[in-house]
Amino acid sequence: ERHCTNENCIVLNSFQAHNMEQVYLQLAHARHRELLHEHVSLFPSDFLLECRRGSGFTYRGTKSQTVSGITCQKWSSSTPHVPRYKPNNFPYAGLEANFCRNPDNDTGGPWCYTQDPKKRWEYCRLPECEDTCMYCSGENYRGQVSQTEDGVKCQAWNSQVPHRHGYNPSFFADKYLQENYCRNPDGEPRPWCFTTALDRRWAFCNIKRCSGEPPSIEIETKCYTERGQLYRGNISTTRSGKTCQHWDSKDPHVHSRTHRNYPCRGLESNYCRNPDSEKEPWCYTTDASTRWEYCQVPKCGNQTRVPLDEDSPPECYNGTGVDYRGTVSMTISGKRCQAWESMKPHRHLKTPKNFPNSGLEDNLCRNPDRDRAPWCFTTDPSTRWEFCNIKKCLSVVILPSRPPPSNRPSCIIGNGVTYRGSRSITSSGRTCQEWSSMTPHIHVTFTPEVNPNKGLEGNHCRNPDNDANGPWCYTTDREKKYDYCDDIPQCELSTKCGKPAIEPKNCYGRIVGGCVSNPYSWPWQVSVRTGYGFHFCGGTLIAPKWVLTARHCLKRSTRPSAYRIYLGIYKEDSDERSKQIRDVDKLVMGPDNSDIALVRLSRPAILNDKVSVVCLPEKDYIVPSGTGCFVTGWGETQGTGGDKYLKETGFPVFDNKICNRPEFLNGVVTSKELCAGDIDGGHDTCQGDSGGPLVCPDSSKRYVLQGVTSWGYGCARRMKPGIYVRVSSFIDWIESTIS
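Residues in the sequence shown are numbered from 2 upward in steps of one, following the working numbering.
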């Protein structure tokens, strides 16, 4: 049929789809995924693969060029070729935009009609999917090898036994974490897996390399797009003017970013590259005092981003945020934004090329289509887009003076979800429309009948949808459907440290035994995570912009961008509305190689009833032996329950003399450490609690941070108390650093 030139051709190989089960066609021009028909069974990851299985009948990638480099014609177009295969005739074939497809199950693979009037159709060049071998570092390996290179059976990805981890298949559908098959979801040199051996958490797998050439890529030589992983230019100088170290050299910096470990990353000579998904190209430097720096490679489009001064006020937007050009890249629910130039995991048409004046740079929140606020596509395959976590700029408005009723607060807590005051005029001076009224603006969702518990009485400002910008209302202005009341003052919450709004259980149970804490009763507890969002250590909020943790928690990378901090959470999967996520912009290691470190947040935490700071002890204070203290964390409970929730346990602190007895820890505890636990075993912290807090109540019933979880012999073992860094020994260093 493809050789025919008109609509009257006889179809020899008709497309059959009756045996399929379900298809999700994610339209490129829409911001919403639509279930179009229950027929073809495809995983979300099938939409992300740029390779073909067999004939490529199920290929749903975004390749749109033929083997000879001709751009494909849109399937819905009749110019220059009148097609037989069109979206309305073959609705289950994925005939979207001008992407290569195989609607007739051609054994030659995916193809397309071309934009060349002299060439009706042509095959597309797509590599076979890596089902039996791997290219490069095996990022796209989809085979079924399920044992490590030394023969140990792999742990299933959806299992937390024997090793707990954050690689949940449902959260990372694009990583294809099936069964217990070896995969490479996080940029390691080759596929790996968690093992079923108790004494070995993970190991690499022995996957053979494919014999053919790796999938071709369209390299960039003059500038870079997205994160610069395709950049193959010759720039070899950092932003500060330092010369790059050769990738195959170990002088002056020893590293593992070599061509052998990362064979498809272009690590030749000393050119700037991005082998490990950093935010832009970088290199190790020839300066022994500076391990690495970002490079002075220009971004395609000549868009210059002005870095915000760390002392600048919080970012905000005016109006609907069409002109917002800030650097927020996080949605209201804490999801990371997808780059505007990227088609993974969501295909779309909101690209810098199509919207050249909308500032669509990197993965920064923007409003190219004049929605009600800045938004972005998300990196979560199950959530196509969300509004961003940006407040609206305050405007100076003179409001009428009206004392609020004594029984209703005239201030808000956090973003005002619980606000029940009588304010009924927006920040711009507009009168609010009654929530039960449909005049002048018709609305469906936010009415007293649909949401009876949201306080939607009268025409008072409310926040029924948990908007990050605060209370709002529909207005009586026909030209303005809704507006914010975002200048309502914040209630004066207690700024006293160590005073949780929710009373802790204070149970002398055991973390290993699964003593689940009261939700948000330890509001200074934070989760230290990788850039991918995997929890691996705890930490403590000691100031709005500073977290105290253990040095060994930061040994995986010296780059601040490798970590993220989650605050205001109770569940490890962090699906709460109260969650705050902060990037990290500075790491400060403790003096004298001590196991303590400070992490500076990219912007201050918002203090509320679920996020607050702990008290610091007096300099060189010694906790009296026998004092009852508490540790918290999401660490292992060895199968006894509560694995997904923040846990707590109480136990006594012991004098170092006792801990250093031969029958206990035999002299290994230093003066800058303290030990605590149950001599009989059972009360202790475990893996996952490293870096977390040990707090002790003082005479005023404030909780004071006395220790940072550091190390120990095993987990809740008899005669082996846990070891904690003594915070009071580092007060001078802490105060000088954060000041």
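Backbone N, C-alpha and C define an ideal beta-carbon position, used for all residues, glycine too.
Computed from a prediction, not measured in an experiment: that's the story for all the values here.
Residue i, enclosing alpha helix (DSSP H) - first and last residue
{"i": "Trp436", "result": "Neither: Trp436 is in no alpha helix (DSSP H) and is coded neither H nor E."}
Residue burial classification, residue i (beta-carbon count within 10 angstroms, cutoff 16)
{"i": "Thr641", "result": "With a pLDDT of only 37 at Thr641, under the threshold of 50, the placement of this residue in the model should not be trusted; the figure read from the coordinates follows. Answer is exposed; the Cβ neighbour count stays below 16."}
{"i": "Gln230", "result": "buried"}
{"i": "Ile443", "result": "exposed"}
{"i": "Ile489", "result": "buried"}
{"i": "Ile220", "result": "exposed"}
{"i": "Arg578", "result": "exposed"}
{"i": "Ile724", "result": "buried"}
{"i": "Thr222", "result": "exposed"}
{"i": "Thr541", "result": "buried"}
{"i": "Thr67", "result": "buried"}
{"i": "Ile543", "result": "buried"}
{"i": "Ser729", "result": "buried"}
Three-state secondary structure (DSSP) of residue i
{"i": "Thr738", "result": "helix"}
{"i": "Pro653", "result": "strand"}
{"i": "Ala289", "result": "coil"}
{"i": "Leu555", "result": "helix"}
{"i": "Ser711", "result": "strand"}
{"i": "Ser730", "result": "helix"}
{"i": "Ile218", "result": "coil"}
{"i": "Cys660", "result": "helix"}
{"i": "Cys484", "result": "Reading off the sequence shown, one finds Asp at residue 484, where the question assumed Cys. Strand."}
{"i": "Ala584", "result": "Rather than Ala, the amino acid found at residue 584 in this sequence is Asp. Strand, per DSSP."}
{"i": "Lys392", "result": "strand"}
{"i": "Lys300", "result": "strand"}
{"i": "His38", "result": "With a pLDDT of 34 at His38, under the threshold of 50, the modelled position of this residue cannot be trusted; read the value that follows with caution. Of the three classes helix, strand and coil, the one that applies to His38 here is strand, per DSSP."}
{"i": "Lys176", "result": "helix"}
Residue i versus residue j: straight-line alpha-carbon distance, rounded
{"i": "Arg210", "j": "Pro84", "result": "40 Å"}
{"i": "Lys455", "j": "Pro192", "result": "49 Å"}
{"i": "Arg240", "j": "Glu180", "result": "44 Å"}
{"i": "Asp576", "j": "Asn169", "result": "14 Å"}
{"i": "Trp76", "j": "Asn99", "result": "6 Å"}
{"i": "Tyr136", "j": "Glu342", "result": "24 Å"}
{"i": "Gly614", "j": "Glu387", "result": "At residue 614 the sequence reads Val, which differs from the Gly that was named. Cα to Cα, the separation comes out at about 30 Å."}
{"i": "Thr738", "j": "Leu555", "result": "17 Å"}
{"i": "Cys377", "j": "Pro653", "result": "49 Å"}
{"i": "Leu361", "j": "Thr352", "result": "7 Å"}
{"i": "Leu365", "j": "Gly327", "result": "7 Å"}
{"i": "Asp484", "j": "Ser428", "result": "8 Å"}
{"i": "Asn594", "j": "Phe356", "result": "51 Å"}
{"i": "Glu97", "j": "Pro88", "result": "7 Å"}
{"i": "Ala374", "j": "Asp586", "result": "26 Å"}
{"i": "Val153", "j": "Thr197", "result": "7 Å"}
{"i": "Glu480", "j": "Asp381", "result": "35 Å"}
{"i": "Ala204", "j": "Asn185", "result": "11 Å"}
{"i": "Ser518", "j": "Leu666", "result": "29 Å"}
{"i": "Ile607", "j": "Ile218", "result": "43 Å"}
{"i": "Gln526", "j": "Glu316", "result": "25 Å"}
{"i": "Val146", "j": "Lys119", "result": "46 Å"}
{"i": "Leu706", "j": "Leu695", "result": "6 Å"}
{"i": "Thr321", "j": "Asp372", "result": "7 Å"}
{"i": "Lys747", "j": "Asn470", "result": "Because the chain here runs from 2 to 740, residue 747 falls outside it and cannot be looked at."}
Anticipated Cβ contact below 8 Å, residue i with residue j, distance rounded
{"i": "Arg583", "j": "Arg530", "result": "Not really, about 11 Å apart at Cβ, beyond 8 Å."}
{"i": "Gly499", "j": "Cys394", "result": "Actually they are not in contact, since the Cβ atoms of Gly499 and Cys394 sit about 34 Å apart, beyond 8 Å."}
{"i": "Gly110", "j": "Arg61", "result": "No, Gly110 and Arg61 are not in contact; Cβ-Cβ is about 14 Å, not under 8 Å."}
{"i": "Asn416", "j": "Asp363", "result": "Not really, about 26 Å apart at Cβ, beyond 8 Å."}
{"i": "Tyr124", "j": "Gln74", "result": "No, Tyr124 and Gln74 are not in contact; Cβ-Cβ is about 14 Å, not under 8 Å."}
{"i": "Pro369", "j": "Ser359", "result": "4 Å"}
{"i": "Pro282", "j": "Cys296", "result": "5 Å"}
{"i": "Gly534", "j": "Gly634", "result": "About 17 Å separates the two Cβ atoms, so there is no contact after all."}
{"i": "Ala551", "j": "Gly651", "result": "Contact doesn't hold; Cβ gap of about 21 Å is too wide."}
Enclosing beta strand (DSSP E) for residue i [first to last residue]
{"i": "Gly540", "result": "536 to 544"}
{"i": "Ile724", "result": "723 to 727"}
{"i": "Ile566", "result": "564 to 568"}
{"i": "Ala204", "result": "203 to 205"}
{"i": "Trp122", "result": "122 to 124"}
{"i": "Glu362", "result": "Glu362 -> no beta strand (DSSP E), and no H or E assigned at all."}
{"i": "Ala677", "result": "674 to 677"}
{"i": "Arg530", "result": "526 to 531"}
{"i": "Val696", "result": "694 to 698"}
{"i": "Leu599", "result": "598 to 602"}
{"i": "Leu231", "result": "Looking at the DSSP string, Leu231 is not in any beta strand (DSSP E), and its letter there is neither H nor E."}
{"i": "Phe378", "result": "376 to 378"}
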